[in-house]
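J.: I have a structure I would like to understand better, so I am pasting it below and will then ask my questions one at a time.
Number of protein chains: 2
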Amino acid sequence: MPERSTTDRLTPRKREIVTEARALLEEHGAAALTMRALADRLGIKAPSLYKHFPDKAALELELVVLSLEETAEALEAGSDSLPSLMKAYRTYALAHPHLYRLNTERSLPREDLPEGLEARAAAPLVRVCGGDMDAARAAWAFAHGMVILQLNGRFPDDADLSAAWETGADAFEG
Amino acid sequence: MPERSTTDRLTPRKREIVTEARALLEEHGAAALTMRALADRLGIKAPSLYKHFPDKAALELELVVLSLEETAEALEAGSDSLPSLMKAYRTYALAHPHLYRLNTERSLPREDLPEGLEARAAAPLVRVCGGDMDAARAAWAFAHGMVILQLNGRFPDDADLSAAWETGADAFEG
DNA sequence: CTTGACGGCTAACGACGTTAGCCTTAGATT
DNA sequence: AATCTAAGGCTAACGTCGTTAGCCGTCAAG
Chain Z
149 MPERSTTDRL
159 TPRKREIVTE
169 ARALLEEHGA
179 AALTMRALAD
189 RLGIKAPSLY
199 KHFPDKAALE
209 LELVVLSLEE
219 TAEALEAGSD
229 SLPSLMKAYR
239 TYALAHPHLY
249 RLNTERSLPR
259 EDLPEGLEAR
269 AAAPLVRVCG
279 GDMDAARAAW
289 AFAHGMVILQ
299 LNGRFPDDAD
309 LSAAWETGAD
319 AFEG
Chain F
149 MPERSTTDRL
159 TPRKREIVTE
169 ARALLEEHGA
179 AALTMRALAD
189 RLGIKAPSLY
199 KHFPDKAALE
209 LELVVLSLEE
219 TAEALEAGSD
229 SLPSLMKAYR
239 TYALAHPHLY
249 RLNTERSLPR
259 EDLPEGLEAR
269 AAAPLVRVCG
279 GDMDAARAAW
289 AFAHGMVILQ
299 LNGRFPDDAD
309 LSAAWETGAD
319 AFEG
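Protein chains in written order, with our numbering: chain Z, 149 to 322; chain F, 149 to 322.
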């Protein structure tokens, strides 16, 4: 049973707001995630949002929490081997490009995160690497690099990214 | 002799502006790179900048060009082996974190780039990979992932990133 | 019946990118 | 020499952004 701290620690109204914020982000990208646009979507005015969140960063923090929780779930589901775990990571990231970017572009606000969440998201990878943190970090870096370079349009349009992925994933096995 | 298209195609005044923009970015980060702040630094008013660049994106494009050129130079210098080339990449990126982020976060505006620049920046890596594009892309993804996750504070503070780097770099050798 | 929390609202501020329109300077053209 | 033009400044202002101040209605608990 997945622990969803978002469900616990947020009031219902806050959760509604976060849900709409997420929809706005995923549908139209980070530039469209505006306090006014979000308020519109909720049928209220922008200043009213500040009755629930102190600022936009606090709202985005909840999106980061959400993304971390879902990543953890995705990795826990497909974590029988390193390749399958990495594939699960990639699949989740590519399925939620804007959320993934929001999560990874800023620096992680560790003090404000639910306790243990970061560790929980990292655990499946660490386990499948037999506790070798260096290997785990290197594999993460590769997976993140592949995904984010693709999302940011840094590879040529005709590049075969699945092939590059396989090449990299193979390198991390032996 | 390094080809610096920035030197060729930009008027002297434009080059001064780009130079100050770069300094502002590198010293105080992307949030500080404001048309008004940049103008202040040049002793002029913000609207005057639009006599030289159509918009902020055009200015940032020149910073991307600069970063790509310097990356190409850095890679051409230390390109005798894959590990040394990757190390050169990492060294450059960590030495210019804000410029590197600006370069890699947005999607690459290929139509507006000097012709051949992207290929030139990629060439050393492709060559050292013996033309194996999949291997080259995988290695790039790993290097970028390591660097950007570090710059974005995504690794724990006590993580030994040099060790993780070595682990990953070794994986790409065999 | 009152009180206070909850959750809306309007008006406004400062910073941002940007546009319109004016003016000076200096070199080139006639 | 007189004139035209391009370069490169300027001020004023607009629309959008996040955000703050302050007001008001609703409604459950004392």
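Ideal Cβ placement from N, Cα and C applies to all residues, glycine included. Owing to the predicted nature of the structure, the values given are computational and were not obtained by experimental measurement.
Using 8 Å as the Cβ pair cut-off and three pairs as the minimum, do the stretch 194-211 of chain Z and the stretch 166-185 of chain Z touch?
T.: yes
J.: Using the Cβ count rule (16 or more neighbours within 10 Å means buried), how would you classify S215(Z)?
T.: Reading the first sequence from its first residue, position 67 is the one you call residue 215(Z). Under a 10 Å Cβ-count criterion, S215(Z) is classified as buried, with 16 or more other Cβ atoms of the shown protein chains found around its own Cβ.
J.: Y333(Z) to A269(Z), Cα distance in whole Å?
T.: Outside the modelled stretch of chain Z, which goes from 149 to 322, sits residue 333(Z), for which no answer is possible.
J.: When the Cα atoms are used, what is the spatial distance from G226(F) to H246(F)?
T.: Reading the second sequence from its first residue, position 78 is the one you call residue 226(F). Reading the second sequence from its first residue, position 98 is the one you call residue 246(F). Distance between the alpha carbons of G226(F) and H246(F): 22 Å.
J.: For the alpha helix (DSSP H) that T182(Z) lies in, which residues bound it at each end?
T.: Counted from its first residue, the first sequence places residue 182(Z) at position 34. No alpha helix (DSSP H) contains T182(Z), which DSSP labels as neither H nor E.
J.: How far does the alpha helix (DSSP H) with I296(Z) in it extend, from its first residue to its last?
T.: For the purposes of this step, residue 296(Z) is taken as residue 148 along the first sequence, with counting starting at 1. Segment 281-299, the alpha helix (DSSP H) holding I296(Z).
J.: Report all residues from its chain with a CB closer than 7 Å to the CB of F290(F); omit the five preceding and five following residues, and keep chain order.
T.: Counted from its first residue, the second sequence places residue 290(F) at position 142. Short of 7 Å from the beta carbon of F290(F), and not among the five residues preceding or following it, lie these beta carbons of its own chain, in chain order: G316, F320.
J.: Buried or exposed: where does E259(F) fall if 16 or more other Cβ atoms within 10 Å of its Cβ makes it buried?
T.: One-based indexing of the second sequence puts residue 259(F) at position 111. Looking at its Cβ environment, which holds fewer than 16 other Cβ atoms inside 10 Å, E259(F) is exposed.
J.: For the candidate residues T252(F), L173(F), K193(F), I192(F), whose alpha-carbon lies nearest to that of I296(F)?
T.: To locate residue 296(F), count along the second sequence from 1; it is residue 148. The option with the nearest alpha carbon to I296(F) is T252(F).
J.: So with CB distances below 9 Å, who are the chain Z contacts of T159(F)?
T.: The sequence position of residue 159(F) within the second sequence is 11, counting from 1. Within chain Z, no residue comes near T159(F); the closest Cβ sits about 29 Å away, beyond 9 Å.
J.: I want to verify the contact list: residues of chain F whose CB lies under 7 Å from the CB of R285(Z), in sequence order.
T.: Within the first sequence, numbered from 1, the residue matching residue 285(Z) stands at position 137. In chain order: F303, A307, A312.
J.: Compare the C-alpha of R184(Z) against each of P195(Z), G177(Z), H200(Z) and name the closest.
T.: Start at 1 with the first residue of the first sequence, and residue 184(Z) comes out as number 36. Residue P195(Z) is the option with its Cα nearest to R184(Z).
J.: Quick one: Cα of R157(F) to Cα of L223(F), how far?
T.: The sequence position of residue 157(F) within the second sequence is 9, counting from 1. The sequence position of residue 223(F) within the second sequence is 75, counting from 1. For R157(F) and L223(F), the distance between alpha carbons rounds to 23 Å.
J.: Around the C-beta of E217(F), are 16 or more other C-beta atoms found within 10 angstroms, so that it is buried, or is it exposed?
T.: Position 69 of the second sequence holds residue 217(F). Classification of E217(F): buried, given that the 10 Å Cβ count is 16 or more.
J.: Going by DSSP in three states, R275(F) sits in which element: helix, strand or coil?
T.: As a working mapping, residue 275(F) is identified with position 127 in the second sequence. Residue state, collapsed to three classes: helix.
J.: Chain F partners of M294(Z), CB-CB under 7 Å?
T.: Residue 294(Z) sits at position 146 when you count from the first residue of the first sequence. Within 7 Å Cβ-Cβ: A289.
J.: Does the beta-carbon distance from L250(Z) to L173(Z) come in below 9 Å?
T.: By 1-based counting over the first sequence, the position of residue 250(Z) is 102. By 1-based counting over the first sequence, the position of residue 173(Z) is 25. Contact: yes.
J.: Would G301(Z) pass as a contact of L256(F) if the rule is Cβ separation under 9 Å?
T.: Taking the first sequence and counting its residues from 1, one reaches residue 301(Z) at position 153. Taking the second sequence and counting its residues from 1, one reaches residue 256(F) at position 108. Closer than 9 Å, so yes.
J.: With DSSP as the reference, label S229(F) as helix, strand or coil.
T.: Here residue 229(F) refers to the residue found at position 81 of the second sequence. The three-state secondary structure of S229(F), taken from DSSP, is coil.
J.: Spell out whether any CB of chain Z is found under 9 Å from the CB atom of T252(F).
T.: Position 104 of the second sequence holds residue 252(F). Answer yes: the Cβ-Cβ gap between T252(F) and chain Z drops below 9 Å somewhere.
J.: Answer with buried or exposed for H176(Z), where buried requires no fewer than 16 other C-beta atoms within 10 angstroms of its C-beta.
T.: Indexing the first sequence from 1 puts residue 176(Z) at position 28. Under this definition H176(Z) is an exposed residue.
J.: Does chain F have any CB closer than 9 Å to the CB of D203(Z)?
T.: The sequence position of residue 203(Z) within the first sequence is 55, counting from 1. Not an interface residue.
J.: Classify A267(F): buried if its beta carbon has 16 or more other beta carbons within 10 angstroms, exposed otherwise.
T.: If you number the second sequence from 1, residue 267(F) lands on position 119. With fewer than 16 other Cβ atoms within 10 Å, it is exposed.
J.: Rounded to the nearest angstrom, how far is the Cβ of A307(F) from that of R275(Z), given a contact under 8 Å?
T.: What you label residue 307(F) is simply residue 159 of the second sequence in a count that begins at 1. What you label residue 275(Z) is simply residue 127 of the first sequence in a count that begins at 1. The pair is not a contact, with the Cβ atoms about 17 Å apart (cut-off 8 Å).
J.: Rounded C-beta distance between K233(Z) and L273(Z)? I'm assuming under 8 Å.
T.: By 1-based counting over the first sequence, the position of residue 233(Z) is 85. By 1-based counting over the first sequence, the position of residue 273(Z) is 125. As written in the sequence, residue 233(Z) is Leu, which differs from the Lys given in the question. 6 Å between Cβ atoms; contact.
J.: Let me know the secondary structure DSSP gives D318(Z) once reduced to three states.
T.: Here residue 318(Z) is taken as the residue at index 170 of the first sequence, counted from 1. Three-state result, D318(Z): helix.
J.: Between D282(F) and chain Z, is there a C-beta pair that is closer than 9 Å?
T.: Position 134 of the second sequence, counted from the start, is the residue given in the question as residue 282(F). So yes, D282(F) belongs to the interface.
J.: Which residues of the stretch 177-188 of chain F have a Cβ closer than 8 Å to any Cβ of chain Z? Give them in chain order.
T.: The residues in question: there are none.
J.: Would you please verify whether the beta carbon of G279(Z) is less than 9 Å from any beta carbon of chain F?
T.: Numbered from 1 along the first sequence, position 131 holds the residue referred to as residue 279(Z). Judged by the 9 Å Cβ criterion, G279(Z) is not in contact with chain F.
J.: How would you call A179(F), buried or exposed, if buried means at least 16 neighbouring beta carbons within 10 angstroms?
T.: Residue 179(F) sits at position 31 when you count from the first residue of the second sequence. A179(F) comes out exposed.
J.: Quick one, are the C-beta atoms of D282(F) and A236(Z) less than 9 Å apart?
T.: For this step, residue 282(F) is matched to residue 134 along the second sequence. For this step, residue 236(Z) is matched to residue 88 along the first sequence. Taking 9 Å as the Cβ cut-off, D282(F) and A236(Z) do not qualify as a contacting pair.
J.: Counting only Cβ pairs nearer than 9 Å, list the residues of chain F close to G226(Z).
T.: On the first sequence, position 78 is the one that residue 226(Z) refers to. Under the 9 Å cutoff, chain F gives no residues; its nearest Cβ is about 20 Å from G226(Z).
J.: Nearest-angstrom Cα distance between A171(F) and L299(F)?
T.: Within the second sequence, residue 171(F) is the residue found at index 23, counting from 1. Within the second sequence, residue 299(F) is the residue found at index 151, counting from 1. Whole-angstrom Cα-Cα distance: 19 Å.
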